[in-house]
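**Q** Under this note's numbering, the first residue of the sequence shown is numbered 276, with each subsequent residue one higher.
Each residue gets a CB set at the ideal place from its N, CA and C atoms; glycine is no exception.
Being a predicted model, the structure only gives us computed values, none of them experimental.
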Amino acid sequence: IMIAANQEGTNQHALTSAYYKSRSGEYSDCVLFGLPHDRDFVFSNEFDPVKNIETTFSHVTYPKIMRREHNPDAGDFADVVKSFHRNTVMINLSVGEEAAKSNLVERCHRSARVRGKFEGYFAILTDAPEGRYADLMAIDDKFIVLQIDENDRRTDIEPLMAMKIFKTLIPRYVYSHPMLQHVENICYLDFDIVIGRDMNQFFASFMERKLHDLMELPSGTSTTYFFEEHHNASLDGQMFHGGIFFLDKNSVHCMELWGNEIVADGHDQKQRDQISLTRTYKKIVNGEYSGCMLFRLLRGDDLLFPDDSDMKDQKVATFIHVTNTFRAATIPVEVQDQYFAYVLELSRNERKSGVSYTSRGVHLDE
């Protein structure tokens with residue numbers, strides 16, 4: 276295969292081709308196995324901060340497209356980050372009366388602007404009454420409301436899974452809006468997530484990782500990036516955290532496959548979208564699904580599931596996920612109030628306003 280590859284091909288392309296041919300039966304007597312990166316193998320590049328990370332193997336490389344000697348117009352770190360802001364939309368999903376009554380979208384939006392320094396478009400996919408987010412639209416000309424089409428609402432599956440199915444429709448809603456048709460990246464966040472620090476370093480490292488991955492895949496492959504699931508869920512076989520993921524225009528196919536599995540699970544009240552997502556991945560690996568690849572991002576210090584102690588210590592990460600149905604339910608309201616006042620950088624008057632930014636009282640799926 277390597278001999279037959281044209282000059283634009285790479286050994287990774289050839290290896291991927293050999294893998295698919297072995298799975299389809301065109302090649303026999305050979306099985307190729309993929310080991311997860313986990314913490315035994317990391318890619319290092321010029322955008323990564325110096326970290327004291329112990330790993331078995333470290334591959335110091337970055338693609339030609341990011342090397343100034345090969346592409347003088349590629350720019351530096353600031354240019355890469357600026358491009359990401361300009362070509363990215365961050366989006367929440369808010370469905371139901373309880374969600375509309377909460378301040379969680381406002382909390383996520385503020386954290387993205389204040390802590391995350393995010394300058395791109397911020398959107399909300401919602402069924403809330405018209406005008407619910409008028410205040411945010413008034414103060415932020417890049418805040419966009421995407422109204423849910425009632426024809427997309429599923430009534431043949433459990434309500435919670437019917438809500439989750441809208442996650443898989445996000446690319447369609449985003450690219451149907453005239454102000455968002457140019458964006459290249461979609462960052463989905465459950466609305467109970469807050470941004471805890473400047474996102475620029477994460478953006479640059481993520482784009483570097485993505486460019487490297489795309490070089491190893493057949494052209495046109497649909498891709499989606501998820502963080503690895505937190506420890507307790509991982510023990511139950513759940514590989515991906517469904518609260519944060521990264522899409523682009525080619526991600527539609529992956530979302531359709533995930534949507535199929537959500538619908539298949541939709542009659543089980545105990546099912547969760549992470550389980551459907553893990554099964555989607557397994558079907559991709561065994562060849563039942565094709566044309567899609569799901570990637571895992573290590574949590575590292577980019578994703579935090581804070582407990583009472585973390586909040587008291589004012590511990591932060593790039594993404595902080597606080598939910599009502601599990602962790603937040605065990606954290607006193609006063610501890611949460613102080614923590615979110617710190618993360619959102621609330622003024623003294625804002626702290627006295629009585630507006631609550633906790634997750635209490637809002638039913639969210641863990």
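Use the C-beta contact count for K439: other C-beta atoms within 10 angstroms, 16 or more gives buried, fewer gives exposed.
**A** Classification for K439: buried.
**Q** Around the C-beta of D540, are 16 or more other C-beta atoms found within 10 angstroms, so that it is buried, or is it exposed?
**A** buried
**Q** Counting along the chain, where does the alpha helix (DSSP H) carrying E381 start and finish?
**A** 379-389
**Q** Helix, strand or coil: which one does DSSP assign to G471?
**A** coil
**Q** Buried or exposed, going by whether 16 or more other CB atoms sit within 10 Å of the CB of R342?
**A** Bear in mind that the predicted position of R342 carries a pLDDT of just 40, short of 50, making it unreliable; the figure below should be weighed with that in mind. It counts as exposed.
**Q** Pick helix, strand or coil for T224, following the three-state DSSP scheme.
**A** As shown, the chain starts at 276 and ends at 641. That puts residue 224 outside it, with no answer to give.
**Q** Could you pull the DSSP bridge partners for S497 from this structure?
**A** C567
**Q** Just the C-alpha distance for E433 and C383, rounded to the nearest angstrom, thanks.
**A** 27 angstroms
**Q** Consult DSSP for C462 and reduce its assignment to one of helix, strand or coil.
**A** strand
**Q** Quick one: grab the DSSP three-state call for N362.
**A** coil
**Q** Between which two residues does the alpha helix (DSSP H) holding V538 run?
**A** 527-540
**Q** Using three-state DSSP, classify A398 as helix, strand or coil.
**A** strand
**Q** M454 to G395, Cα distance in whole Å?
**A** 12 angstroms
**Q** For T499 and D410, I'd like the C-alpha separation in whole angstroms.
**A** 32 angstroms
**Q** Alpha carbon to alpha carbon, how far is K590 from D427?
**A** Looking at the two C-alpha atoms, the distance is approximately 39 angstroms.
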